[in-house]
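Okay, so here's the structure we're looking at.
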Amino acid sequence: MQYRARDYRYFIEKNDCKPSMSRKGNCWDNAAMESFFSRLTVELVFAEQYESIEDAKSGIFEYIEVFYNRVRRHSAIGHISPAEFERKSA
């Protein structure tokens with residue numbers, strides 16, 4: 001219910017964002033992002049101690065752009081990286 005809370009909806013609208021909610025009764029709508037954030041938390045956040053918000057932003061950017069997309073193998077795409085998957089699909 002927190003994503004339907006008035007203050008949350010106000011914050012989202014005030015910042016020109018569009019909320020994303022699952023279809024009623026479909027727990028799989030957000031599975032890919034839940035998996036990503038789980039991996040991000042386990043593989044990066046728990047292993048680091050950031051000194052500042054900028055350090056955290058930089059670390060997250062590097063994790064996504066360098067490791068997650070170019071190195072980390074993903075079981076859903078045949079145990080290759082997303083970058084390799086795109087190269088093979090092009």
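To convert, note that position 46 of the sequence shown is 46 in the UniProt record's numbering; the numbers rise steadily by one, no gaps. Glycine included, C-beta positions come from ideal geometry on N, C-alpha and C. Model, not experiment: these values are computed from the prediction.
Go to Phe46, then tell me how far its alpha helix (DSSP H) extends in each direction, as first and last residue. Counting along the chain, Phe46 falls outside any alpha helix (DSSP H), and DSSP gives it neither H nor E.
field: Beta-carbon proximity check, Arg73 vs Ile80, cutoff 8 Å
entry: Yes, these two residues count as a Cβ contact at 8 Å.
If you draw a straight line from the alpha carbon of Ile60 to that of Lys24, how long is it in whole angstroms?
So the two alpha carbons sit approximately 31 Å from each other.
With 16 as the cutoff for other CB atoms within 10 Å, does Tyr68 come out buried or exposed? Around the beta-carbon of Tyr68, 16 or more other beta-carbon atoms lie within 10 Å, marking it buried.
For the alpha helix (DSSP H) that contains Glu54, what are its first and last residues?
-> Its alpha helix (DSSP H) spans residues Ile53 to Glu62.
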